[in-house]
Amino acid sequence: MKAVSRNWVASVHIALSIIGLPYTVVTSGICRTNPISRIPSLCAYRSVYMPSATHIKARCPVYPGSHTTRFPVPDDKVDWETDWPQYSPVNYTAPFVLKKPVWADPEIVEFSPQFNSLDGSVDRRSHKDPYRIQNGKPLNPHGRTGLEGRGLLGRWGPNHAADPIVTRWKTDSVGQCVNNTNSQRPVLQFVSIKRVDCGEWAIPGGMVDPGERVSQTLQREFSEEALNTLQASPSEKEKIQKRITELFDSDGLQVRLCKLW
Numbered sequence: 018m019k020a021v022s023r024n025w026v027a028s029v030h031i032a033l034s035i036i037g038l039p040y041t042v043v044t045s046g047i048c049r050t051n052p053i054s055r056i057p058s059l060c061a062y063r064s065v066y067m068p069s070a071t072h073i074k075a076r077c078p079v080y081p082g083s084h085t086t087r088f089p090v091p092d093d094k095v096d097w098e099t100d101w102p103q104y105s106p107v108n109y110t111a112p113f114v115l116k117k118p119v120w121a122d123p124e125i126v127e128f129s130p131q132f133n134s135l136d137g138s139v140d141r142r143s144h145k146d147p148y149r150i151q152n153g154k155p156l157n158p159h160g161r162t163g164l165e166g167r168g169l170l171g172r173w174g175p176n177h178a179a180d181p182i183v184t185r186w187k188t189d190s191v192g193q194c195v196n197n198t199n200s201q202r203p204v205l206q207f208v209s210i211k212r213v214d215c216g217e218w219a220i221p222g223g224m225v226d227p228g229e230r231v232s233q234t235l236q237r238e239f240s241e242e243a244l245n246t247l248q249a250s251p252s253e254k255e256k257i258q259k260r261i262t263e264l265f266d267s268d269g270l271q272v273r274l275c276k277l278w
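For the sequence shown, this note's numbering assigns the number 18 to the initial residue and increments by one for each residue that follows.
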C-alpha cells in the first residue's frame, strides 16, 4: 500500500457497457513522481474514439466458460446492415445466470425492460448511440456475434462495469524516470491482478450495482481485488480505505468514459 499512497496515481478508464471490445484510447505525456496529495495534474491526456471495427473476441468459436459453439460470422457479415437471411445465432445464457441471482434479469419473455433508458434502478442506456431492438431483444451495436442470449452477463442490453487503471512512471532509486533500453521512452507501470478462475492477468474491476455511482464501484473493486480488503482485519481495512480515498480524491485522477460493446 505504500507504493499506492506515494506515487501510484492516474485512474484512466472507466470501462462501461461490456459486450465486446474497447475503442477509446488514452495517451499520456509528462512523467511526474510527486506524492498524490500535491499533484496538480498527472499527465496531459487525450481521449481518442476509434472508428467502429469488426468483432474479434466477440466472435471466438466457443463462448468463454462453456462448450457452446457460435454460429460462424465472417467479417463481411458482421454489420447488421448487410442482408443475411441465413443468419441463425445460437441461444446461450449461462446456467447460473438462469438461476436468477439478484444481479441478473429474468428471461426476456418474463418482463418488459425499458431499453435505452433508466429502467428503475437499472441503467439500460448505452454510452454509445441508442441501440436497436429486434423482436424484443437488444442488438449488439457492433454487429453480429453468432450468439443471442446473455452468455455470462446478467442484463439484457448494456452491462455497466468500472475498471480502474492505476499507473505510475517507473523510477530509479533517486526518483529519476527509467527509460526503455530500446525505445528510450519512459516506462509506464500499472496495477494488475491475477485472476483466480483462469490464472490470467487482468485489470481490477467489476460490475456497477444498481443505483451505485461509478466512483463507488471503482474504489470498491480496487480495494477488494488489488488490495485484498475482503481478507483484511478491521484496522487494516480502515488504513486501506483512507489511502484509497486519498488516491481517488487526488487532483491527479483522470476519468474517461470508454465505449465497450
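Ideal placement from N, C-alpha and C gives every residue a C-beta, glycine not left out.
Quantities reported herein were computed from a predicted structural model and do not represent experimental measurements.
- About 20 Å separates the CB atoms of tryptophan 97 and arginine 142; that is not less than 8 Å, and the two are not in contact.
- A buried status is given to proline 158, since no fewer than 16 other beta-carbon atoms sit within 10 Å of its beta-carbon.
- A Cβ-Cβ separation of about 5 Å places phenylalanine 207 in contact with threonine 184 under the 8 Å criterion.
- Between the alpha carbons of glycine 174 and lysine 254 lies a distance of about 35 Å.
- Checking the DSSP bridge columns, you'll see glutamate 165 partnered with Asn108.
- Leucine 244 counts as buried, since no fewer than 16 other beta carbons sit within 10 angstroms of its beta carbon.
- The C-beta distance from arginine 167 to threonine 110 rounds to 5 Å, short enough to meet the 8 Å contact threshold.
- Between tryptophan 218 and proline 203 a beta carbon distance of about 21 Å is seen, past the 8 Å cut, so the two are scored as non-contacting.
- The straight-line gap separating the alpha-carbon atoms of asparagine 133 and asparagine 176 is approximately 12 Å.
- Threonine 85 is not a Cβ neighbour of valine 119, given a cutoff of 8 Å.
- DSSP, read as helix, strand or coil, puts alanine 243 in helix.
- For phenylalanine 132, there is no enclosing alpha helix (DSSP H), as DSSP gives it neither H nor E.
- Collapsing the DSSP output to three states places valine 231 in a helix.
- Distance from the Cα of valine 213 is smallest, within the candidate group Val225, Glu242, Glu229 and Asn199, for Glu242.
- Within the same chain, Cβ atoms closer than 6 Å to the Cβ of valine 90 are found at Arg76, Arg161 and Gly163, the five residues on either side in sequence being excluded.
- Listed as beta-bridge partners of glycine 223 by DSSP are Ala179.
- A residue is called buried when at least 16 other Cβ atoms come within 10 angstroms of its Cβ; leucine 235 meets this threshold and is buried.
- For lysine 154, the secondary structure class from DSSP, reduced to helix, strand or coil, is strand.
- Arginine 87 and leucine 205 have their C-alpha atoms roughly 38 Å apart.
- Shown here for alanine 121: same chain residues with a beta carbon closer than 7 Å to its own, the five before and five after excluded, namely Val114 and Gly171 in chain order.
- Note: glutamine 206 is bridge-paired with Arg185 in the DSSP secondary-structure output.
- Within the model, the alpha-carbon separation for isoleucine 261 versus valine 191 is close to 26 Å.
- For tryptophan 218, DSSP records a beta bridge to Lys211.
- Less than 8 Å separates the beta-carbon of leucine 169 from that of glycine 82.
- The beta-carbon separation of alanine 179 and glutamate 127, rounded to 28 Å, does not stay under the 8 Å limit for a contact.
- Looking only at Glu263, Leu247, Lys256 and Pro181, the smallest Cα-Cα distance to valine 231 is reached by Pro181.
- By DSSP's assignment, aspartate 136 forms a beta bridge with Val139.
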